[in-house]
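Chemist: Note that my numbering has the sequence shown beginning at 31, numbered continuously upward.
Note that CB positions come from ideal geometry on N, CA and C, so glycine has one too.
Remember, it's a predicted structure, so these values are computed and weren't measured experimentally.
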Amino acid sequence: MSLLRRLASLRLTLWLIALLAIGTILALRQEGARTWPMVIPLGLLAVNLLSAIATNGVFRRQTALLVFHLSLVALLLLVAAGRLTYLKGHAGVTEGTNFEGVLAEVERGPWHNGKLSSVSFVNNGFTIEYAPGLQRGATRNDVAWRDATGRSQRSVIGDQEPLVIAGYRFYTTFNKGFAPTFRWQGADGTAVFGSVQLPPYPMHEYSQALEWTPPGSEVSVWVMLDIDEVLLDREEHSTFRLPEKYKLVVRVGNERHEMRSGDTLSLNDGTLRFEGLRSWMGYRVFYDWTLPWLLAACAVAVISMGCHFWQKFAAKPWDA
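1) Which runs of the alpha helix (DSSP H) fall wholly inside the region 302-344 and span at least 4 residues, in chain order?
2) Going by the DSSP bridge assignment, what does residue 183 pair with across the sheet?
3) For residue 110, which residues from the same chain have a beta carbon less than 7 Å from its beta carbon, with the 5 sequence-adjacent residues on both sides left out?
4) Closest to residue 38 by CA distance: which of 308, 78 and 278 is it?
5) Hey, how far is the Cα of residue 145 from the Cα of residue 226?
6) State buried or exposed for residue 173, treating a residue as buried only when at least 16 other CB atoms are found within 10 Å of its CB.
7) Determine, using beta carbons only, whether residue 131 and residue 113 come nearer to each other than 8 Å.
8) Secondary structure at residue 62, three-state DSSP: helix, strand or coil?
9) Would you say residue 247 and residue 216 are within 8 Å of each other, going by their C-beta atoms?
10) Which residue from 60, 83, 81 and 101 puts its Cα closest to that of residue 325?
11) For residue 96, name the three-state secondary structure that DSSP assigns.
12) Is the beta carbon of residue 302 less than 8 Å from the beta carbon of residue 244?
13) Go through the region 227-281 residue by residue and report every complete run of the beta strand (DSSP E) that reaches 3 residues or more, in order.
14) Check whether the Cβ atoms of residue 312 and residue 157 sit closer than 8 Å, and answer yes or no.
15) For residue 225, which three-state DSSP category applies?
16) On the DSSP letters alone, give me the boundaries of the alpha helix (DSSP H) that residue 213 sits inside.
17) Could you say if the region 303-323 and the region 116-127 meet the contact criterion of at least three C-beta pairs nearer than 8 Å?
18) Suppose the cutoff is 8 Å on Cβ atoms and the five residues either side in sequence are ignored; what does the same chain contact list for residue 163 look like?
19) Can you grab the Cα-Cα spacing for the pair residue 214 / residue 304, in whole Å?
20) Ordered along the chain, which non-local residues of its own chain (more than five positions away) have a Cβ less than 7 Å from that of residue 169?
21) Give the single residue among 267, 40 and 309 whose Cα lies nearest to the Cα of residue 161.
22) Can you round the beta-carbon distance between residue 98 and residue 334 to whole angstroms, since I take them to be within the 8 Å contact cut?
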């Protein structure tokens, strides 16, 4: 009992709140300290609050107050669990192709054990309206996937309306652009289809170039999309679309080539065929299984605190 009273100390509570504040600042400023500087103070605060509940008879006499403090304990533990198991990341998916569970950038909790590798959907293309000044409007991205029963599903998602699969939430972003699509046939006769996602457009309107290496090849290929028309007019309302007047500049070593859809280029260890130009969309990926439980715990806390104050003030007339 003496140990519980020490753990329930209000002075300890203040120190733990200060420790949590320091941990939060560390998590915001240091990429490698996103989890434990917050999880440890949260866990200790939960122990501190449970100890207070166990040693203070007031909670046992007032049910609503007890439920409120137990809800606070649940919130602390859920936030800590969320930090241990969350995932954030980004991925780019070319129009007409599948997302295959691979992220370009990822940040996750040490106990994250999700099934992102089994998540798959198809990017069927998107539309974006631009106001004068290149003010981006709503993004409407058509996606298709199969649910847990194997049925085909289709939906339109955006920056605020995610696609949710296996707890993972996929949101569209301002990152999108053009993706030259190729068919690469190696020296062994194996053919592979793929695309090169050029830098985001119109953010990098004047640097639509990228260097890459075909799969299984040792030859570095530099590609640049040369657009010969105005796609997004800064003075008028515009819609994001693929260019109609363009050429693809390809450099291999000191050799320069201009390719149109259907053109082929022979390299030392295979043949590269330009299949055409597509768009690509960048997605923000988020996972946190605790979100609905946090909402439920908050609702219980609000209701129980409301009941507590109602019982307290209803004990005597308000106009006394």
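Modeler: Quick answer:
1) Scanning the region 302-344 for uninterrupted alpha helix (DSSP H) segments of 4 residues or longer gives 321-343, listed from N- to C-terminal end.
2) 175
3) 69, 72 and 73
4) 78
5) 27 Å
6) buried
7) no
8) helix
9) Going by C-beta atoms, residue 247 is nearer than 8 Å to residue 216.
10) 101
11) helix
12) yes
13) 239-242 and 251-257
14) no
15) strand
16) Unbroken run through residue 213 is the beta strand (DSSP E), 198-216; no alpha helix (DSSP H).
17) yes
18) 264
19) 9 Å
20) 156, 158, 188, 189 and 202
21) 267
22) 4 Å
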